[in-house]
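Using full-length UniProt numbering, read the sequence shown as starting at 1 and increasing by one per residue.
Using N, Cα and C, we set each Cβ at its ideal position, and we do this for glycine too.
One structure below.
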Amino acid sequence: MQAVTDADFETEVLKSDKPVLVDFWAEWCGPCRQVAPILDEIKAQHGDKITFVKMNVDENPVTPATYRVTGIPTLNVYKDGEVVKQIVGAKPKAALLNELRDFIG
Numbered sequence: 001m002q003a004v005t006d007a008d009f010e011t012e013v014l015k016s017d018k019p020v021l022v023d024f025w026a027e028w029c030g031p032c033r034q035v036a037p038i039l040d041e042i043k044a045q046h047g048d049k050i051t052f053v054k055m056n057v058d059e060n061p062v063t064p065a066t067y068r069v070t071g072i073p074t075l076n077v078y079k080d081g082e083v084v085k086q087i088v089g090a091k092p093k094a095a096l097l098n099e100l101r102d103f104i105g
């Protein structure tokens, strides 16, 4: 998945013409590593409808603080510059697909 930073977050996420799922994660986070391959699978199936990116919270502290990301993994879906969905914690694929159904059809 493409990585985004505090510097390019507005361009890559907020100004995107389609919904963007941002995976807020960190190297040391076990549940983050569990959810990553699941997101890769969902991206492979639905990447035409929703953009998938990830942001390392240790390297980019500004954006997570702005959006009150206090636990990771946190998955925020942004549409038209606004958070329209927030999923906190590692979830199985079926649960994530259910949470994202409004965006992936």
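- Membership of D8 in any alpha helix (DSSP H) is not indicated, and neither H nor E is assigned to it by DSSP.
- In the structure shown, I87 falls within a strand segment according to DSSP collapsed to helix, strand and coil.
- DSSP, reduced to helix, strand and coil, places D23 within a strand of the structure shown.
- Within the DSSP bridge table, the entry for Y78 names V20 and V83 as partners.
- Relative to the Cα of M1, the nearest Cα in the group V69, E10, T11 and L21 belongs to L21.
- For the pair P73 and P37, the CB atoms are not nearer than the 8 Å cut-off.
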